[in-house]
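Okay, structure first, notes after.
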Amino acid sequence: MKRVTVRVPATTANLGPGFDAFGCALSLYTDVTFEETAEGLEITGCDEAYTGPDNLAYTAYCAVLNTLSEEVRGVKIHIDAHIPICRGLGSSAALLVAGAMGANILHGSRLSTQGLLNITNAMEGHPDNLAPAFYGGLTASMVDGGLPVCVSFPLHPGWEFLALVPEFSLSTSLARS
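Here the sequence shown stands for residues 624 to 800, where the numbers follow the numbering used here.
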């Protein structure tokens, strides 16, 4: 069976006046390994609450396979997450990007990065964390005609970031309400 590991960076978004527009990739990563199996779903490396079919990496994996008109068979997913969950560092976007990239790589890399961004943006609703997770660097993104558009700029090598991670969690949907 085929196997691939995808590394996705943490991201920060809503930089300055760029609400839902500006994002930046950081040097903190989540690695997700996908291994095709004959049948079934097995997800390890995360809290049991995230081991079902609603896991974000798995839902993005399935969305890409559906786009490719490929049958969703079995898959083992191992998540080695170093991005804190619900702490404003793009953990959800990282899993969506990993799932999309993993499926695409395992099935011949037939979709472009823009195609994968289109799929994951339809799931997430805004590209501010997705764009830097896919493209790296500093990104400016928006949705035009229902599709995400983004531009990526390399960061100056002298720039360093410090993330202050709170002890409490807050989901993006709750923070927006």
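From the three backbone atoms N, C-alpha and C, an ideal C-beta is built for every residue, glycine too.
Distance CB(residue i)-CB(residue j) smaller than 9 Å
i	j	result
T762	A648	yes
P777	A754	no
A683	Y652	no
S715	E747	yes
K699	E665	yes
I742	L729	no
G646	S796	no
Backbone secondary structure at residue i - three-state DSSP
i	result
F776	strand
P755	helix
T674	coil
V788	coil
E694	coil
F657	strand
Residue i: first and last residue of the uninterrupted beta strand (DSSP E) it sits in
i	result
E666	The sequence as given places Ile at residue 666; Glu does not occur at that position. L664 to T667 is the extent of the beta strand (DSSP E) around I666.
A636	R626 to A636
Endpoints, alpha helix (DSSP H) assigned at residue i
i	result
G697	Note, G697: premise wrong, no alpha helix (DSSP H); beta strand (DSSP E) at G697 to A704.
E747	T736 to E747
L679	L679 to T690
A823	Outside the displayed range of the chain (624 to 800) lies residue 823, so it cannot be described from this structure.
Residues bridged to residue i (per DSSP)
i	result
P771	V766
C647	T635 and L761
T795	Paired residue(s): none; T795 is not in a bridge.
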